[in-house]
Amino acid sequence: MASRRRMLLKVIILGDSGVGKTSLMNQYPPNPTPQIPSFKLYVNRKFSNQYKATIGADFLTKEVQFEDRLFTMQIWDTAGQERFQSLGVAFYRGADCCVLVYDVNVTKSFENLNNWREEFLIQASPSDPENFPFVVLGNKIDIDGGNSRVVSEKKARAWCASKGNIPYFETSAKEGFNVEAAFQCIAKNALKNEPEEEFNESLRRLRKLINDVNEPESTEAIAAPQTGVSLGHSGYSKRNI
Numbered sequence: 001m002a003s004r005r006r007m008l009l010k011v012i013i014l015g016d017s018g019v020g021k022t023s024l025m026n027q028y029p030p031n032p033t034p035q036i037p038s039f040k041l042y043v044n045r046k047f048s049n050q051y052k053a054t055i056g057a058d059f060l061t062k063e064v065q066f067e068d069r070l071f072t073m074q075i076w077d078t079a080g081q082e083r084f085q086s087l088g089v090a091f092y093r094g095a096d097c098c099v100l101v102y103d104v105n106v107t108k109s110f111e112n113l114n115n116w117r118e119e120f121l122i123q124a125s126p127s128d129p130e131n132f133p134f135v136v137l138g139n140k141i142d143i144d145g146g147n148s149r150v151v152s153e154k155k156a157r158a159w160c161a162s163k164g165n166i167p168y169f170e171t172s173a174k175e176g177f178n179v180e181a182a183f184q185c186i187a188k189n190a191l192k193n194e195p196e197e198e199f200n201e202s203l204r205r206l207r208k209l210i211n212d213v214n215e216p217e218s219t220e221a222i223a224a225p226q227t228g229v230s231l232g233h234s235g236y237s238k239r240n241i
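Numbering (this note's numbering) for the sequence shown: 1 to 241.
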């Protein structure tokens with residue numbers, strides 16, 4: 001019988017502020033539980049046109065089944081503003097996959113993918129940086145019917161190919177286009193990076209991460225959260241991990 005052991009995977013989403021990282025997360029709903037009823041799925045899919053910068057970091061949890069194996073995917077959204085990059089070590093370490101997001105309508109956000117990729121490799125220090133799984137998302141393809149885009153799909157795919165054939169998806173968080181397919185690829189790549197025998201180590205890493213975030217010296221580095229923004233995704237607690 002195939003193993004039903006539940007694994008824990010950590011995914012980090014990086015990119016400039018305003019490219020739609022949080023909106024992409026909100027389009028990928030959590031599973032309904034007694035604490036998070038099914039109607040929460042609709043609430044979590046709601047797209048907000050009024051952008052509010054993430055304070056520090058946020059995460060959601062998604063239960064995923066792949067090839068008859070169950071695993072829990074923790075998806076972390078780290079703020080794009082430079083002043084939050086000092087949180088890198090605490091949030092990047094132990095990641096199983098890194099998602100790089102840019103806005104197809106903003107050239108600078110695409111050019112900064114190099115910086116975000118290098119920042120991740122430095123902060124996370126993966127054991128095999130050459131083969132660490134990345135996924136790139138070109139977001140906001142819906143704006144102005146695509147007439148405002150300045151980064152072509154061809155250019156983006158060429159960049160991904162130059163970095164070891166990174167999987168690439170064009171998405172619209174507003175319309176939900178390609179979001180599910182992108183996260184399925186993200187889950188698949190994260191799973192490849194996390195052998196089942198490392199499950200206990202992953203769980204230990206995540207618990208330590210939560211404890212580190214709650215330490216006074218860590219929380220002092222984070223500005224006072226705005227209303228509705230927290231280190232834990234709305235409706236979640238450490239008891240669910």
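For glycine and all other residues, C-beta sits at the position ideal for the given N, C-alpha and C.
Its chain contains Val135, Val136, Leu137, Gly138, Asn178, Ala181, Ala182 and Cys185 as the residues whose beta carbon lies nearer than 8 Å to that of phenylalanine 169, once the 5 sequence neighbours on both sides are disregarded; these appear in chain order. The Cβ-Cβ distance between asparagine 193 and aspartate 96 falls below 9 Å. Excluding residues up to 5 positions away in sequence, Val104, Arg149, Glu170, Thr171, Ser172 and Phe177 lie with their Cβ nearer than 8 Å to the Cβ of isoleucine 141 in the same chain. In the three-state scheme derived from DSSP, where H, G and I count as helix and E and B as strand, lysine 62 is classed as strand. The three-state reading of DSSP puts isoleucine 122 in helix, counting H, G and I together.
For glutamate 153, the enclosing alpha helix (DSSP H) has its first and last residue at 153 to 162. Contact annotation: valine 19 and valine 106 have beta-carbon atoms nearer than 9 Å. Boundaries of the alpha helix (DSSP H) around threonine 22: 21 to 26.
A straight-line Cα-Cα distance of about 16 Å links lysine 163 and glutamate 153. Counting along the chain, asparagine 189 sits inside the alpha helix (DSSP H) bounded by residues 179 to 192. Sequence-distant partners of isoleucine 166 (beyond 5 residues in either direction) whose C-beta falls short of 6 Å from its own C-beta, in its chain, are Phe134, Val136 and Cys160. Spanning the alpha carbons of alanine 158 and leucine 70 requires a straight line of approximately 34 Å. In the three-state reduction of the DSSP assignment, asparagine 131 falls in the helix class, which pools H, G and I. The three-state secondary structure of glycine 146, taken from DSSP, is helix. By the CB criterion at 9 Å, lysine 174 and serine 23 fall inside the cutoff.
For lysine 108, the enclosing alpha helix (DSSP H) starts and ends at 107 to 111.
By the CB criterion at 9 Å, threonine 72 and leucine 9 fall inside the cutoff. When only Cα atoms are considered, tyrosine 92 and valine 99 end up about 12 Å apart. Excluding its 5 nearest sequence neighbours in each direction, serine 125 has C-beta neighbours in its own chain below 8 Å: Arg93, listed in chain order.
Taken atom to atom, the span from the alpha-carbon of asparagine 26 to that of isoleucine 12 is near 15 Å.
For lysine 155, the closest of Glu111, Trp116 and Ser127 by C-alpha to C-alpha distance is Glu111.
Straight-line spacing of the CA atoms in lysine 21 and tyrosine 102 works out to 9 Å. Counting of Cβ neighbours within 10 angstroms places aspartate 58 among the buried residues, the total reaching 16 or more. DSSP places arginine 69 within a strand segment (E or B) once states are collapsed to three. In its chain, beyond the 5 residues on either side, Gly164 have a beta carbon closer than 8 Å to the beta carbon of glutamate 130.
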